[in-house]
Amino acid sequence: MDREAIFEGLNPEQRRAVEAVRGPVVILAGAGSGKTTTITRRIAWQVATGTFGAPEILAVTFTDKAAGEMRARLGRLGVDGVRARTFHASALQQLHYFGRGPGGVLPSKALMLRQIANSLPRPYRFRPAADIATEIEWAKNRRIPADRYEEAAGERSGALPPDLMGRVYREYEQRKSGRGLVDFEDLLELTIRMYAEDANAVAEFRSRCRAITVDEFQDVNLLQQQLLETWLGERDELCVVGDDYQAIYGFTGASPRYLLSLRDRFAAGTVVTLETNYRSSPQVLELANRLTPRLGGAPKTLRASLPEGPEPVVRPFPEREDEHAYVLDRIRSLAADGVPYEQVAILFRLNARSEDWEAGLTGAGIPFQVRGGAFLARPAARRLRRVLAGSQSTAIADDVRRAAVEEGWAQGEELEGVGESEATRQHDLGRLVALARQLDDGQRTVAGFLAELEVRFGEGGGGDGVHLLTYHRAKGLEFEAVFLPGLEERELPVRQAKTDDAVAEERRLLYVGMTRAKRHLEVTWAAASKPSRFLAELGIQAAKEPAPRKKLSAEDLPPSFTALREWRLKRAKEDGVPAYVVFHDTTLAEIAERSPRTRGELATVSGVGPTKLERYADDVLAALAAAPS
């Protein structure tokens with residue numbers, strides 16, 4: 030083992046953590062501060078110094094990918110034999126070792142819950158299985174069994190009303206047990222019970238596992254914390270690493286309080302705060318750090334190790350279409366400056382917001398990828414496309430609306446107490462109905478309508494290109510350029526955030542989003558909506574921004590404006606894109622007023638970039654020439 034390699038490149042705080050080979054150790058690691066490097070080097074130093082043998086160390090994390098990365102890094106340091114696993118994999122291995130292994134593990138709750146939900150009364154039978162599964166996990170992670178769910182849930186707004194949710198939960202447990210299966214939460218519960226019932230088993234485990242390291246400790250829930258307590262017993266050979274500022278999974282039962290409470294519990298232990306950031310420019314961190322006084326918990330101020338970068342863009346736009354057009358133009362400009370599309374991300378709070386970006390990027394010819402499900406791949410569109418496939422009816426608006434109602438569409442009413450998956454599904458159903466109304470010309474068939482959806486939303490969503498993803502899915506990732514559009518009330522914080530704790534988690538989501546950016550960070554919103562309260566917390570006086578622009582009237586502009594709008598409408602239909610993707614009204618108005626006669630003159634108009642000049646210049650100049658004076 031190369032001992033020098035263990036300390037190579039470490040800053041003083043990281044080195045202090047690595048050298049603390051005996052527990053308890055609490056590492057408060059800010060975003061981009063090299064936490065995985067720190068804990069793998071610490072484990073390697075524990076082995077190199079003979080403090081513990083590699084097989085005596087258990088390293089626990091939350092995903093198979095993270096566990097694999099930890100094993101790979103330890104392997105490169107010459108350390109083999111450390112048990113780096115997820116909580117659930119660790120529990121399953123221990124159950125099998127002591128002869129208590131289950132007959133089988135349910136890989137996903139979704140199919141069984143979908144079958145159960147199909148028997149519910151309307152409209153609840155349409156609720157996504159993912160939301161119901163999340164509610165069951167919320168209960169199990171708090172060690173609330175099915176027979177106590179309704180009492181424990183109280184007035185909680187879950188995927189279903191408490192009585193129905195309790196019924197589904199009980200049926201799920203019965204079906205699962207009848208098939209001799211357990212789910213992932215059961216693995217942890219069974220392991221806790223095994224050790225509580227078998228003193229010899231717990232003694233043997235503790236004799237073989239002498240030191241424990243837990244990654245992402247801000248995401249620990251009650252069930253995981255109690256399993257950890259069972260593993261430890263009276264010992265304190267524990268190292269945890271986490272960032273309470275990035276605690277964003279409260280809906281599953283996770284809480285940063287377990288991380289923060291360890292500082293008080295182990296008063297004589299080692300507490301190390303990592304604040305040197307290796308990801309983002311000083312300018313990005315300066316903006317993100319403005320939010321930290323409101324994040325509470327363990328104070329951390331990120332310090333940049335990278336060189337200067339451009340100032341973040343923080344600005345409103347009169348209308349949503351102006352904001353979208355700006356983002357698309359900026360992505361093109363970044364690409365022209367050498368930023369690959371794959372290093373650009375657009376973040377949003379709910380998956381439902383992806384579809385406008387899918388349409389805009391498709392129309393702009395920019396490749397993209399959607400993490401978490403593109404519009405046409407999500408449940409609402411997938412089901413309606415299957416129901417309506419092959420229909421030659423020309424009553425598009427009526428047929429799509431009827432199918433949406435049959436699928437439980439709330440017809441535009443905002444439903445209270447639904448999960449995020451159902452909120453997305455309702456939004457998607459409404460969007461499909463609106464698109465059908467927009468494209469119903471009396472000649473196109475329903476099959477043609479579905480084909481048009483493929484043109485608008487189906488292209489460009491492959492494995493490469495700009496990333497479209499939610500704030501939650503962005504955690505742990507990083508990009509050269511990050512766009513945070515729609516920073517408005519009811520978007521971030523999301524409208525379902527009713528309590529102080531819920532709003533605090535939304536604030537942490539924004540912090541996570543900002544700290545994904547390496548050099549380019551752009552925060553935008555539409556002035557037609559109410560700016561997010563978080564803007565004021567960032568020191569941005571959103572209330573002083575100009576009011577939304579008035580709708581342009583052709584009467585106030587040269588006749589050529591009408592001709593240009595007619596051309597734009599025709600071109601947008603031909604290309605299968607929203608009109609603003611071609612040009613928005615403010616650009617058309619400026620073209621009409623300035624009446625350029627050459628490509629060079631047209632290129633000086635705001636909103637006419639190189640791509641649009643190449644694509645539309647001849648048509649625009651022709652429309653101007655043919656327009657009445």
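In this text, residue positions in the sequence shown follow the working numbering: the first is 30, and each later residue adds one. Here a beta-carbon is modelled for each residue, glycine too, at the ideal position from N, C-alpha and C.
Item: Val495 and Tyr370 closer than 8 Å at C-beta; Value: yes
Item: Close beta carbons around Asp604, own chain, < 7 Å, minus the five adjacent residues each side; Value: Gly392
Item: Where the beta strand (DSSP E) through Ala555 begins and ends; Value: 546 to 555
Item: Integer-rounded CB distance, given that Arg545 should sit under 8 Å from Glu517; Value: Between Arg545 and Glu517 the Cβ distance is about 20 Å, and since that is not below 8 Å, they are no contact.
Item: Span of the beta strand (DSSP E), counted from its first residue to its last, around Pro345; Value: 342 to 346
Item: Proximity below 8 Å, CB of Gly262 to CB of Arg171; Value: no
Item: Validate contact between the stretch 419 to 427 and the stretch 154 to 171 using beta carbons, cut 8 Å, 3 pairs; Value: no
Item: Whether Glu449 touches Leu357 by CB criterion (8 Å); Value: no
Item: Close beta carbons around Ser558, own chain, < 6 Å, minus the five adjacent residues each side; Value: Glu517
Item: Range of the contiguous alpha helix (DSSP H) that encloses Ala364; Value: 349 to 365
Item: Through-space distance from Tyr645 to Leu497, alpha-carbon basis; Value: 27 Å
Item: Where Lys527 falls, given that 16 or more other Cβ within 10 Å makes a residue buried; Value: exposed
Item: DSSP-derived helix/strand/coil call for Ala432; Value: helix
Item: Spatially closest choice to Val399 from Ala410, Glu387, Thr78, Lys94, by CA coordinates; Value: Glu387
Item: Cβ pair Phe478, Ala465 closer than 8 Å; Value: yes
Item: Sufficient close CB pairs (3 or more, under 8 Å) joining the stretch 584 to 595 to the stretch 649 to 658; Value: yes
Item: Cβ-Cβ distance between Arg537 and Leu324 below 8 Å; Value: yes
Item: Sequence-distant residues of the same chain with beta carbon closer than 8 Å to Glu85, five excluded per side; Value: Arg237, Cys238, Arg239, Ala240
Item: Cβ-based burial, Arg208 [other Cβ within 10 Å; buried from 16]; Value: exposed
Item: Straight-line gap, Thr242 to Arg548 (C-alpha atoms, nearest Å); Value: 32 Å
Item: Three or more C-beta pairs below 8 Å linking the stretch 312 to 319 and the stretch 288 to 303; Value: no
Item: Rounded separation between Thr259 and Ala297 - CA only; Value: 22 Å
Item: Straight-line gap, Tyr500 to Ala652 (C-alpha atoms, nearest Å); Value: 43 Å
Item: Where Arg332 sits in the DSSP three-state scheme; Value: strand
Item: Meets three-Cβ-pair contact criterion under 8 Å: the stretch 136 to 145 and the stretch 113 to 123; Value: no
Item: Span of the alpha helix (DSSP H), counted from its first residue to its last, around Thr259; Value: 251 to 261
Item: 8 Å contact criterion, which Thr90 and Ala96 should meet: CB distance rounded; Value: 5 Å
Item: 6 Å CB neighbourhood of Pro575 in its chain, flanking five on each side removed; Value: At Pro575 the pLDDT is 48, less than 50, meaning the model places this residue with poor confidence; the figure from the coordinates comes in the next sentence. Result list for Pro575: empty, nothing under 6 Å.
Item: Complete runs of the beta strand (DSSP E) confined to the stretch 452 to 521 [at least 3 residues]; Value: 495 to 499, 508 to 513
Item: Separation of Arg185 from Arg177, as counted between CA atoms; Value: 14 Å
Item: Buried or exposed by the 16-neighbour rule on C-beta atoms within 10 Å, applied to Gln467; Value: exposed
Item: Backbone CA spacing between Pro336 and Arg196 [nearest angstrom]; Value: 57 Å
Item: Beta strand (DSSP E) segment containing Leu57, residue limits; Value: 54 to 58
Item: Whole-angstrom distance between Lys602 and Gly471, CA atom to CA atom; Value: 16 Å
Item: Residue of Pro625, Glu643, Asn40 minimising C-alpha distance to Arg332; Value: Asn40
Item: Backbone CA spacing between Leu458 and Arg382 [nearest angstrom]; Value: 13 Å
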